[in-house]
Structure formats: C-alpha cells, structure tokens
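Just add 212 to wherever you are in the sequence shown, counting from 1, and you've got the numbering used here.
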Amino acid sequence: MITEHAAAQWDLELDDLFVSIGHRFGRVELRRRMRDYVRGLLAPVARKNSWQLAEQAGHRTPDGLQHLLSGSKWEPDDIRDDLQGYVSGKLGEADGVLIIDDTGFIKKGTTSAGVQRQYSGTAGRTENCQIGVFAAYASARGRALVDRELYLPRSWTEDPERCRAARVPDGREFATKGELARRIVLRALASPLPIAWVTADSAYGQDNRFRRLLEQSGVGYVLAVPKSQFSVGCSRIEVLFAQAPDEAWEEISCGDGAKGPRVYHWAAVRLPAVADFDYQGEVPHRMRWALARRSIRRPDEIAYYLAYAPLQTTVQELVQVAGARWAIEECFQAAKNECGLDQYEVRRYVGWYRHITLAMLAHAFLAATAHQAREKGAEQMGQPGSSGSQWQRFGYSWQLVASGPRT
213 MITEHAAAQW
223 DLELDDLFVS
233 IGHRFGRVEL
243 RRRMRDYVRG
253 LLAPVARKNS
263 WQLAEQAGHR
273 TPDGLQHLLS
283 GSKWEPDDIR
293 DDLQGYVSGK
303 LGEADGVLII
313 DDTGFIKKGT
323 TSAGVQRQYS
333 GTAGRTENCQ
343 IGVFAAYASA
353 RGRALVDREL
363 YLPRSWTEDP
373 ERCRAARVPD
383 GREFATKGEL
393 ARRIVLRALA
403 SPLPIAWVTA
413 DSAYGQDNRF
423 RRLLEQSGVG
433 YVLAVPKSQF
443 SVGCSRIEVL
453 FAQAPDEAWE
463 EISCGDGAKG
473 PRVYHWAAVR
483 LPAVADFDYQ
493 GEVPHRMRWA
503 LARRSIRRPD
513 EIAYYLAYAP
523 LQTTVQELVQ
533 VAGARWAIEE
543 CFQAAKNECG
553 LDQYEVRRYV
563 GWYRHITLAM
573 LAHAFLAATA
583 HQAREKGAEQ
593 MGQPGSSGSQ
603 WQRFGYSWQL
613 VASGPRT
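Printed below as a string of structure tokens:
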C-alpha cells in the first residue's frame, strides 16, 4: 500500500526530473504539456493515447498534447541524452550491460512512418508493423530503455513522396537494423552511462562489423550467434561444441526469471587471440570465448555465443552477461504495459520519436523509484566467486566451471 508520504516523495522526485529536462522546451506551455503527458503515461489510464491522456490531465481537447508530439519545437534526441544521464545517475554501475534488440509495433494502414508487412519478433510472425531498434541499460540496480531508432525499410527510403508525407527528414537513407544498432552503441559509449559489456541476440551478434566496433571501442561483449557461425579458431560453432566432452557441460543459472533461477547446461572454450585487438603491445589484455547454452529438459535446444572479455573474466561472469539480455524483454513489456510505449496514434516520423522518448523517460523513472524502494529494505548480497580448472581436448582449452559455487 502506498502511503501519503511515499506519494508525496514520488511527486517531488518526478518534479525534479521535469526540472532537469525543462530547459529543452522553450515555452512554458510546452513544459506544462510535457509534464501532463508524462504524468498521464505514468497514470492508470486504460489506453494511453492523446485523447485519454488529455482527459486524465483535465484538458477539454487533446489538441495541446497532439501539438506537443507533432507541431511544437523540441528535439527528442536532447531528451534521450538527458535520459541517459538520468539512468546513469540512478542505475549506473561500473559493470553495467548495454543490451540491443528490436521490437515491433503493430499498425493498420500504410501511412505510419516505416510501416510495412515485415517480421515482428514481438508478434512471432509477419505483420503490418513498425520496427524500432532499442538499447536498454541493466545493472544490479535495475534496467531501463536508453535509446531508440525507427527502422525505415527500402520501400520507404526509395519513395521520397511517401517520406515527405510522413515528415521523414530529407537525406534519411536506408540503414539496416545492424547499422542502427552500431549508431546506438556509439552514442551510448559516448554518454555518461558506465558500460562494461554489450549483449544482443544473434541478429546482431552474427554481424562481424558490430563485433569489430565493440572490440575497437574496448568494451566486452557476449553475443548470441547462429549455429553456423564462423569464428577465430573454429569453423561452424555447432561443430566445435559437438566435440565438447560430457565433463565440459555444467549447470549454471544465468539469472533469475519469473519462475526462479534460469538454469541451463553451459560449456565454454577459449579461442585463439587476434593480435590487432587482443594485445596491448606484446601483452595480452583481452581473451575470446565461445559458449554454448543447452536446455536441461530438451538437450537438442542449444544456443551459441561469442564473447570478448578482460583476461580475469570467469565463465560465470560471461554466463551472467548472456543472461542479462532478457532484461530488455522485461523493459519492453513494462514500458508497453505501464507507460504506453506502443499505444501511440501518431503517424509522422517525429511523432514516433517524441512519444517513444517520453514513454522511455516515464519507464526510467519507474525503474529508478523501484530501485530506491528496494534499496531502503534490501539486504546486501555478495557475488559468489569462482575458479575453474583447464585441460586440453581436441586442441581446445575447455573451461570447467563446476569447481566454483553454484549460482
């Protein structure tokens, strides 16, 4: 039950957030509308579109909130930058993980920017939808969405009239989801967010340019890859792990899920170093890994990963980073269910960015306040350490992970 004192404190902290971004809106009316919009996104409104948000705020019509998204002068990228600073201050930790993924927004018609029939992982099938590429930040304090890009298929970028009607900026050329992801990563690494790791699913992990960007930036990664993935020192990654001895597979939890610890069989193997990326002078400072995650109940279901990590990194730490990828799915679910991330009715390009950014801001505020509530009553839990024994088989140094405490 929320006490009167807790509600008052919640309002004060939300007002502090509004003050910190208020200078991005040049007029008092815009600042008030922004506050009403975000407060509506946080309120128990059934459908968080401009009509119902306006009713929640006591407006007679939705015109003011619609103007906030479509006709007013403010830059959503400025709010994104402020959002990243806010998340850094509230949730940032030195071992923070940046997670890349995309999500679909099912839409009717053909006029919403970027909409077409395309595969949506959210729906699990081909739908008429928009696709957004997102980044989430996760640490022991919490997780929140911190960046976004709208994917424009070639059917849009090769149709100038269609783009003009949706107010797509001139010069917006076609970019793959991987290219959008690289832009997002570069922005995040230049932001105040403390990032030690990047993780993503195989759609991004299989992209050699994406991995090279991370290596050149000096950030660690654990990236899912398809079973056919080629890498340093191995042909197909599935062939590499088909050689793994039974002793190489150990039960490890990659983090808690909705039903408790997510326990799988994991195997890990060191890969050969690459001189251009893995050494400082003649001294090695990074190591490469291949990992496999096998379902305990359905051993034919195996997922594969490539990892790039500091020398002292343990297999348990790599497994935890791999497991952190699910945090962005939780962010999508929470931001859609609680903050109306997918409940917009805008069709133009700028309207999408404005609504999505304000919904992300609302979700980050919830994540920050949830952390504060946990911090008041939570006990400090130590992280179990581990050490592994190594031995040779089939020319690879398999890392045995059973010798440390179970997570």
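The beta-carbon is built from N, C-alpha and C at its ideal position, and this holds for glycine as well. Being a predicted model, the structure only gives us computed values, none of them experimental.
Supposed close pair L553, I540 - CB separation, criterion 8 Å: Within the sequence shown, the letter at position 341 stands for residue 553. Within the sequence shown, the letter at position 328 stands for residue 540. Contact doesn't hold; Cβ gap of about 12 Å is too wide.
As assigned by DSSP and simplified to three states, the class of E305: On the sequence shown, position 93 is the one that residue 305 refers to. The three-state secondary structure of E305, taken from DSSP, is coil.
S332 by DSSP, collapsed to three states: which one? By 1-based counting over the sequence shown, the position of residue 332 is 120. S332 falls in the strand class under three-state DSSP.
Short Cβ contact (8 Å threshold) for A515 with A479: Stepping through the sequence shown from its first residue, residue 515 is reached at position 303. Stepping through the sequence shown from its first residue, residue 479 is reached at position 267. Not closer than 8 Å, so no.
Can you check the region 329 to 391 for any beta strand (DSSP E) of at least 3 residues that lies completely inside it and give the ranges in chain order? Taken in chain order, the complete beta strand (DSSP E) segments of 3 residues or longer contained in the region 329 to 391 are 337 to 351 and 354 to 362.
Taking just the CA atoms, how far does A460 sit from W610? By 1-based counting over the sequence shown, the position of residue 610 is 398. By 1-based counting over the sequence shown, the position of residue 460 is 248. Legend: pLDDT at W610 = 46, less than 50; position of this residue unreliable, value from coordinates given subsequently. Rounded to the nearest angstrom, the two C-alpha atoms are 7 Å apart.
Should T388 go down as buried or exposed, given a rule of 16 or more other Cβ atoms within 10 Å for buried? The residue you call residue 388 lines up with position 176 of the sequence shown. Classification for T388: exposed.
Do A574 and V240 count as a contact pair if the criterion is CB distance below 8 Å? Counting from one through the sequence shown, the residue named residue 240 turns up at place 28. Counting from one through the sequence shown, the residue named residue 574 turns up at place 362. Judged by beta-carbon spacing, A574 lies beyond the 8 Å limit of V240, meaning their Cβ atoms are not closer than that value.
Could you check where the beta strand (DSSP E) with G467 kicks off and where it finishes? As a working note, residue 467 is residue 255 in the sequence shown. Element bounds for G467: E462 to G469.
Tell me, to the nearest whole angstrom, how far the beta carbon of Q418 is from that of V437; I am working on the premise that it is less than 8 Å. One-based indexing of the sequence shown puts residue 418 at position 206. One-based indexing of the sequence shown puts residue 437 at position 225. About 5 Å separates the two Cβ atoms, so the contact holds.
Buried/exposed call for G321, threshold 16 Cβ in 10 Å: Mapped onto the sequence shown, residue 321 falls at position 109. Under the 10 Å beta carbon count, G321 is surrounded by fewer than 16 other beta carbons and is classified as exposed.
Can you list, in chain order, the stretches of the alpha helix (DSSP H) that have 4 or more residues and sit fully within the region 525 to 597? Complete alpha helix (DSSP H) runs here, min 4: 527 to 535, 538 to 551 and 561 to 589.
Does the contact criterion of 3 or more C-beta pairs under 8 Å hold for the region 301 to 312 versus the region 325 to 344? The region 301 to 312, when compared against the region 325 to 344, does not touch it at the 8 Å Cβ threshold.
So Y298 and L229 are supposed to be a Cβ contact under 8 Å. How far apart are they, rounded? Here residue 298 corresponds to residue number 86 of the sequence shown, with the count starting at 1. Here residue 229 corresponds to residue number 17 of the sequence shown, with the count starting at 1. That belief holds up - the Cβ atoms of Y298 and L229 are roughly 7 Å apart, short of 8 Å.
Any idea if C375 is buried or exposed, counting beta-carbon neighbours within 10 angstroms, 16 or more meaning buried? In the sequence shown, the residue the question calls residue 375 occupies position 163. C375 sits buried, since 16 or more C-beta atoms from the chains shown fall within 10 Å of its C-beta.
Would you grab the beta carbon distance between Q296 and S429 for me? Rounded to a whole angstrom, and I think it's under 8 Å. As a first step, residue 296 must be located in the sequence shown, where it is residue number 84. As a first step, residue 429 must be located in the sequence shown, where it is residue number 217. At roughly 16 Å, the Cβ-Cβ gap does not stay under 8 Å, so Q296 and S429 are not in contact.
Expressed to the nearest angstrom, what Euclidean distance is found between the alpha-carbon atoms of G469 and H271? By 1-based counting over the sequence shown, the position of residue 469 is 257. By 1-based counting over the sequence shown, the position of residue 271 is 59. The alpha-carbon atoms of G469 and H271 are separated by roughly 41 Å.
Cβ separation of G344 and L364, assumed to be a contact under 8 Å, to the nearest whole Å: Here the question's residue 344 lines up with position 132 in the sequence shown. Here the question's residue 364 lines up with position 152 in the sequence shown. With a Cβ gap of about 11 Å, G344 and L364 do not count as contacting.
Which of helix, strand or coil does DSSP assign to P617? Counting from 1 along the sequence shown, the entry for residue 617 is found at position 405. With a pLDDT of 34 at P617, under the threshold of 50, the modelled position of that residue is not reliable, and the figure given next carries that caveat. Three-state result, P617: coil.
Under a three-way DSSP split, which group does F230 fall into? The count along the sequence shown starts at 1 and reaches residue 230 at position 18. F230 sits in a helix when the DSSP states are folded into three classes.
Run the CB neighbour count on A400, radius 10 Å, all protein chains shown included, and call it buried at 16 or more, exposed below. One-based indexing of the sequence shown puts residue 400 at position 188. It is buried - the Cβ of A400 has at least 16 other Cβ atoms within 10 Å.
In its own chain, which residues sit with a C-beta less than 8 Å from the C-beta of G304, not counting the 5 before and 5 after it? Locating residue 304 in the sequence shown gives position 92, where the first residue counts as 1. Closer than 8 Å at the Cβ level, and outside the excluded window around G304, lie Y349, S351, R353, P404, L405 and P406.
By DSSP, does G430 sit in helix, in strand, or in coil? Residue numbering aside, residue 430 sits at position 218 when the sequence shown is read from its first letter. Residue state, collapsed to three classes: coil.
Roughly how many angstroms separate the alpha carbons of D382 and E462, rounded to a whole number? What you label residue 382 is simply residue 170 of the sequence shown in a count that begins at 1. What you label residue 462 is simply residue 250 of the sequence shown in a count that begins at 1. About 53 Å.
Which term fits P596, buried or exposed, when burial requires 16 or more other beta carbons within 10 angstroms of its beta carbon? Residue 596 sits at position 384 when you count from the first residue of the sequence shown. In this prediction, P596 has a pLDDT of 38, which is less than 50 and means its spatial position is unreliable; nothing more can be read from the coordinates.
Can you list, in chain order, the residues of its chain with a C-beta nearer than 6 Å to that of V475? Leave out the 5 residues immediately preceding and following it. Residue 475 sits at position 263 when you count from the first residue of the sequence shown. In its chain, beyond the 5 residues on either side, E463 and S465 have a beta carbon closer than 6 Å to the beta carbon of V475.
Cα separation between H477 and D488? One-based indexing of the sequence shown puts residue 477 at position 265. One-based indexing of the sequence shown puts residue 488 at position 276. One C-alpha to the other measures close to 33 Å.
Beta-carbon contacts of E591 that lie in its chain and below 8 Å, excluding the five residues immediately before and after: For the purposes of this step, residue 591 is taken as the residue at position 379 of the sequence shown. Summary for E591: the model assigns pLDDT 41, below 50, so the residue's position carries little reliability; its value from the coordinates is reported in the next sentence. The beta carbon of E591 is closer than 8 Å to none in its chain, skipping five residues each way along the sequence.
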